[in-house]
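Residue numbers (this note's numbering): 45 to 162. Report on the structure given below.
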């Protein structure tokens with residue numbers, strides 16, 4: 045099992061940037077693939093980005109391609125989401141997700157709020 049704690053959320057103006065971080069506990073983190081999801085008020089949770097445990101393969105939602113970059117540091121047990129050119133529609137609670145198999149994975153963090161003002 046792995047525990048996930050997100051940080052880095054906040055309030056930013058449209059066009060700005062934020063970097064989210066997800067810190068994982070436990071020695072098994074390196075075995076898990078990881079992803080970021082988000083959920084806006086009144087909307088379904090949606091996939092944002094994913095990265096394989098090797099760090100060699102990534103995937104992005106069409107809505108964030110070219111603006112967001114997912115990365116991970118297995119030595120530090122962390123996963124990051126660099127978000128550039130933020131838009132008001134990116135406003136949501138962002139959750140870190142880890143596990144194996146199909147999306148969504150088994151383990152979730154508590155989330156971090158991102159608010160983009162117009």
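For glycine and all other residues, C-beta sits at the position ideal for the given N, C-alpha and C. Predicted model, so just to flag it, every value in this text is computed and none were measured.
Could you check if residue i is buried or exposed, using at least 16 other CB atoms within 10 Å of its CB as the buried criterion?
i: residue 82; result: buried
i: residue 90; result: exposed
i: residue 72; result: exposed
i: residue 46; result: buried
i: residue 119; result: exposed
Rounded to whole angstroms, what's the CA-CA distance from residue i to residue j? Just pull it up for me.
i: residue 145; j: residue 132; result: 32 Å
i: residue 135; j: residue 125; result: 14 Å
i: residue 115; j: residue 95; result: 7 Å
i: residue 87; j: residue 111; result: 22 Å
i: residue 76; j: residue 147; result: 12 Å
i: residue 74; j: residue 156; result: 23 Å
With distance defined between alpha-carbon atoms, name the residue in the options nearest to residue i.
i: residue 50; options: 79, 59, 101; result: 79
i: residue 127; options: 158, 100, 77; result: 158
i: residue 117; options: 130, 129, 98; result: 98
DSSP has residue i in a bridge; who is on the other side?
i: residue 50; result: 66
i: residue 55; result: 159
i: residue 114; result: 125
Quick test of the definition: if touching needs 3 or more C-beta pairs under 8 Å, does the segment 131–141 touch the segment 83–96? Enough Cβ pairs lie closer than 8 Å, so yes.
Would you call the segment 52–71 in contact with the segment 145–161, where contact means no fewer than 3 C-beta pairs closer than 8 Å? yes
Taking three-plus beta-carbon pairs below 8 Å as touching, is the segment 100–108 in contact with the segment 47–67? no
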